[in-house]
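Q:
Numbering (the working numbering), first residue to last: 31 to 131.
1) Pop quiz: residue 93 and residue 104 are said to be a contact at Cβ under 8 Å. What is the actual Cβ separation, rounded to whole angstroms?
2) Going by other Cβ atoms of all chains shown within 10 Å of its Cβ, with 16 needed for buried, is residue 119 buried or exposed?
3) Rounded C-beta distance between residue 80 and residue 102? I'm assuming under 8 Å.
4) Between residue 91 and the rest of its own chain, which residues show a CB-CB distance below 6 Å, the 5 nearest in sequence each way excluded?
5) What's the gap between the Cα of residue 71 and the Cα of residue 38?
6) Express the C-alpha separation of residue 116 and residue 110 in angstroms, rounding to a whole number.
7) Please state whether DSSP places residue 96 in a helix, a strand or coil.
8) At which residue ranges does the stretch 55-91 contain complete beta strand (DSSP E) runs of 3 or more residues, listed in the order of the chain?
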């Protein structure tokens, strides 16, 4: 029983740490993408940085897990994050901003 409680506490600590780091990493990557878009050469190509970010995640997972499992992990990651973020972003009422000039 005590060992189970210790495992649960450790799992909770790792989960909290993961959530905090996930938020930090999201903020850092978002700032990077926004900076890349703001400093892009003319003509500005909408969604280019977004597509590059998605491609980087896919390549990263394929390098880590191999082509078969990496592609499955990438699809799972996109779907999981989409499902988690959709209601949050809809509730925020985020309006479309102006593209960088």
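Positions of the beta carbon are idealized from the N, C-alpha and C atoms, including for glycine.
Just so it is clear, the structure is predicted and the values come from calculations on it, not from any experiment.
A: Let's see:
1) Cβ-Cβ separation between residue 93 and residue 104: approximately 11 Å, too far for a contact (criterion under 8 Å).
2) exposed
3) The distance from the Cβ of residue 80 to that of residue 102 is about 22 Å, inconsistent with a contact at the 8 Å cut-off.
4) Excluding positions up to five away in sequence, the list reads 100, 103, 104.
5) 51 Å
6) 10 Å
7) coil
8) none
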